[in-house]
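In our numbering, the protein residues as written are 714 to 904.
Right, dumping it as structure tokens:
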């Protein structure tokens with residue numbers, strides 16, 4: 714099952730890429746802003762957009778969501794990104810209100826792998842992409858301290874279809890769920 718009409722950028726990229734941000738520090742902590750921009754374009758019904766237009770929205774969202782830039786001994790740049798998931802989801806819903814789009818944050822609150830599967834399954838079946846935040850992943854360094862957008866899944870092995878770094882990637886939910894120290898899911902459901 715897969716979300717239809719997810720934004721394509723320059724008819725090439727599947728969602729945005731934080732590396733497109735002009736400032737190095739913004740790019741280092743920008744994955745949450747990119748995931749938010751993906752949802753803003755999706756809920757506004759924008760299926761294709763130029764990279765330049767997409768980045769105008771990213772700049773606006775960056776200031777709206779306000780990533781933290783503090784000393785971080787574990788990262789090459791002094792940024793903590795957007796560590797407060799609940800606040801992030803609520804601010805994103807407020808941002809959509811600017812465009813008269815009324816969505817309500819729903820956060821995954823259970824502590825069970827099967828409940829995570831069900832949350833994703835229900836969200837995607839209701840045409841709501843899911844934001845995932847992974848903190849402290851022990852094996853997948855590329856996805857450590859990282860936000861991504863879940864756009865679909867395959868039932869066999871519950872393989873997630875994700876938008877990250879402007880591409881569609883596929884990863885098993887089990888690897889993400891059990892490998893992360895902190896695992897968060899959220900969606901913006903119809904209000």
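For every residue, glycine included, the Cβ atom is placed at its ideal position computed from N, Cα and C.
Just so it is clear, the structure is predicted and the values come from calculations on it, not from any experiment.
Got a sec: does the ligand MN put a non-hydrogen atom nearer than 6 Å to the Cβ of residue i?
i: residue 804; result: The ligand MN is absent from the structure shown, which contains no ligands of any kind.
Using only alpha-carbon positions, find the residue among the options that is nearest to residue i.
i: residue 889; options: 729, 721, 869, 846; result: 846
i: residue 725; options: 742, 762, 716; result: 762
i: residue 800; options: 720, 853, 813, 779; result: 779
i: residue 757; options: 812, 735, 897; result: 812
i: residue 874; options: 826, 848, 844; result: 844
i: residue 879; options: 833, 860, 870, 737; result: 860
i: residue 896; options: 817, 720, 824; result: 824
Is the beta carbon of residue j closer than 7 Å to that of residue i?
i: residue 749; j: residue 740; result: no
i: residue 765; j: residue 904; result: no
i: residue 819; j: residue 715; result: no
i: residue 751; j: residue 838; result: no
i: residue 855; j: residue 892; result: no
i: residue 746; j: residue 775; result: yes
i: residue 722; j: residue 755; result: no
i: residue 826; j: residue 777; result: no
i: residue 900; j: residue 836; result: yes
Roughly how many whole angstroms lie between the Cα atoms of residue i and residue j?
i: residue 718; j: residue 829; result: 24 Å
i: residue 822; j: residue 884; result: 22 Å
i: residue 803; j: residue 894; result: 23 Å
i: residue 858; j: residue 798; result: 12 Å
i: residue 872; j: residue 742; result: 26 Å
i: residue 771; j: residue 841; result: 20 Å
i: residue 729; j: residue 868; result: 26 Å
i: residue 805; j: residue 853; result: 27 Å
i: residue 735; j: residue 886; result: 32 Å
i: residue 832; j: residue 727; result: 23 Å
i: residue 849; j: residue 744; result: 15 Å
i: residue 862; j: residue 760; result: 15 Å
i: residue 866; j: residue 898; result: 14 Å
i: residue 834; j: residue 810; result: 26 Å
i: residue 881; j: residue 870; result: 18 Å
i: residue 773; j: residue 864; result: 23 Å
i: residue 720; j: residue 769; result: 15 Å
Give me whichever residues DSSP pairs with residue i in a beta bridge.
i: residue 900; result: 819
i: residue 727; result: 721
i: residue 762; result: 722
i: residue 737; result: According to DSSP, residue 737 bridges with nothing at all.
i: residue 715; result: 865
**Request:** Kindly provide the ranges of any beta strand (DSSP E) runs that are 3 or more residues long and lie completely inside the segment 815-895, ordered along the chain.
**Result:** For the segment 815-895, whole beta strand (DSSP E) runs of length 3 or above, ordered along the chain, are 816-820, 843-848, 859-867, 872-877, 880-885.
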